[in-house]
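Residue numbers are given in numbering that gives the first Met the number 0: position 6 of the sequence shown equals residue 5, and the series is strictly consecutive.
Every residue gets a Cβ at the ideal spot worked out from N, C-alpha and C, and that includes glycine.
Please read these numbers as outputs of a predicted model, since none were measured by experiment.
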Amino acid sequence: MYHSIIQKARYITGYIMTGIMICILSLTVFPANVSARELYTTDGVNLRSEPNSSSQAYFAVVAGTAVTETGQSGNWIQVNVNGTTGYIYKDYLSEQYSPETTSNESSSASETTYINSTEVNLRKKANDHCKVKAVLNTGDSVTILGQNGNWTKVQTASGQRGYVYSIYLGEKKNNPEPKQPSKSEVISDYRSDAISYGEDHLGDLYSQSLRNTEGYADCSSLVRDAFQTATGKFIGDTTVTQSDTMSNYLYSIKKITDATPGDLVYHLSSDNHVGIYLGNGRVLHASQSAGTVKISTYDNSNSFWEYGCNAAAYCYDN
C-alpha cells in the first residue's frame, strides 16, 4: 500500500514536470504574435535592438527597404532585415511601396525647371529643419516630381531626389555679365600702377644717353615707361611730346598740392620737367641734380612748381 502511494506520487510528479517542459518548449519554439507580413520602410530609419528610441541602433535602413514583420511591442514593430531582427517604429513602415511620398504630397507631371537663386538647399523632407542632401546653384536644372505645400519635390541631373522651396524655382537665368569698371575706377587703377612702377625704380641712375638701359632713366623716360606699364599707352619720349599727347587730359594747378596722387605733373618752361605726384607735396622723379630717381618733397617755401606752365595729367582710359 505504501509503495503504491509512492509510485502514484512519482507518476503524477513526472506527468506535471513533462507538461511544464512541453509548455516551455512551446514558448521557446513558437513565439506569440508572430506575423509574416512584408512591409516597407517609408523613410531612412534605424533598426533598434529594443522597442524604444534609446536602445542600440544596429544599422540604418534606407527608405523603400522590404522587411519582414515578426512581432509587435506597443507602437514598435519587430522585423527581420536581411537576417537581423530588431525594432522599427510603426510610423516608418507601410504595406505599400512608396518610400518618399506623404499624405500631403500631390504628384505632378515631370517637367524641367531651374534654380533661380544661389546656394539653394536640396532637403530630405518638405521642411527647413531637416537634413540638407545637396546645395544647388543658379541655373542648375531639376525635374519636378510633385508638390507638398510650399515645397517642390525634384530630382537633380545627378539623380538626387529631395525638396526645394518653390520660390527658388523658375525660368533659367543667364549668368549676369561681369560688371564693367567705371572710368573713375580705371583711372584710379592707372594712377596706382604708375606709382608702383616709379617706386620700383627708386635709386635708378639719371642719364639721358642711357635712359633706355635697365637701371637708368631721365625724367621723361621714367614717366613714359610708368604710364605705358599702367595703361598700355605710349605717350612720347619727351616732356613736350607727352604734354601734347595728353593735352585733352591736362588740368591747371596753381601749386603742386593741387594735383591728385598718381597724376603726371609737368613743369613746362625753359627747363622742362615731369614727375609722378605721390601726395602731400611729394613728387617721384628722375632728378638730374641728384643723379638718381628719388622722391622730393615740396612745400610753400619751394617755388619750382609754383611758376611756369604747370599742369597735371591723369591717366586716361581710351
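Residues that residue i bridges to, as DSSP identifies them
| i | result |
| --- | --- |
| Leu38 | Val66 |
| Ser93 | Tyr39 |
| Arg281 | Gly278, Thr296 |
| Thr83 | Val80 |
| His200 | His200 is not bridged to any residue. |
| Lys152 | Gly145, Tyr162 |
| Phe233 | Partner(s): none; Phe233 has no beta bridge. |
| Thr291 | Leu204, Ser286 |
| Leu221 | Leu221 pairs with nothing; no bridge assigned. |
| Phe58 | Leu46 |
| Lys119 | First, the amino acid is wrong: residue 119 is Val here, not Lys. Partner(s): Leu135. |
| Glu184 | According to DSSP, Glu184 bridges with nothing at all. |
| Leu169 | One point to set straight first is that residue 169 is Gly, not Leu, in the sequence displayed. Tyr113. |
| Gln71 | Ile76 |
Test item: CB-CB of residue i and residue j under 8 Å
| i | j | result |
| --- | --- | --- |
| Val273 | Thr238 | yes |
| Ile114 | Tyr167 | yes |
| Val44 | Tyr96 | no |
| Glu198 | Leu283 | yes |
| Val131 | Asn147 | no |
| Thr69 | Val80 | no |
| Arg281 | Thr296 | yes |
| Leu38 | Glu94 | yes |
| Ser140 | Trp150 | no |
| Ala324 | Ala225 | The displayed coordinates of the chain run from 0 to 317. Any statement about residue 324 would go beyond what the structure contains. |
| Ala35 | Thr84 | no |
| Thr112 | Gly169 | yes |
| Leu201 | Gly290 | no |
Nearest neighbour of residue i, chosen from the options [CA to CA]
| i | options | result |
| --- | --- | --- |
| Glu49 | Ser72, Ile294, Val66, Leu267 | Ser72 |
| Ala311 | Glu198, Val141, Ile252 | Ile252 |
| Val292 | Ser302, Gly280, Ile275 | Ile275 |
| Ser208 | Leu135, Ala225, Leu283, Asp236 | Asp236 |
| Leu144 | Tyr205, Gln159, Arg36 | Gln159 |
| Thr117 | Thr256, Gly138, His128 | Gly138 |
| Val222 | Thr256, Lys171, Val264, Ser183 | Val264 |
| Ser54 | Ala62, Ala216, Tyr88, Asp42 | Tyr88 |
| Val61 | Thr40, Thr112, Gly202 | Thr40 |
| Lys254 | Thr111, Gly290, Ser268, Asn299 | Asn299 |
| Leu267 | Gly202, Ala59, Cys218, Ser187 | Cys218 |
| Asp270 | Phe303, Leu201, Asp203, Asn279 | Phe303 |
| Asn51 | Leu249, Tyr86, Thr64 | Tyr86 |
| Arg122 | Thr112, Leu135, Glu184 | Leu135 |
| Leu277 | Gly290, Asp257, Ala289, Ser288 | Asp257 |
| Ala59 | Asp42, Ser288, Gly82 | Asp42 |
| Gly82 | Asn74, Gly63, Trp75, Tyr57 | Tyr57 |
| Lys232 | Tyr189, Asn279, Ser181 | Tyr189 |
| Asp262 | Gln287, Ile234, Ile186 | Ile186 |
Proximity test, Cβ basis, 8 Å: residue i and chain C
| i | result |
| --- | --- |
| Asp257 | Here chain C cannot be found, since the structure has a single protein chain. |
Does the region 174-194 come close enough to the region 234-253 to have 3 or more Cβ pairs within less than 8 Å? Contact between the region 174-194 and the region 234-253 is absent: fewer than 3 CB-CB pairs across the two stretches fall below 8 Å.
Looking at C-beta atoms only, is the number of pairs between the region 150-158 and the region 193-212 that lie closer than 8 Å three or more? With the cut-off at 8 Å, the region 150-158 and the region 193-212 do not touch.
With a floor of 4 residues, list each alpha helix (DSSP H) that falls wholly inside the region 237-277, ordered by position along the chain. 238-244, all fully within the region 237-277.
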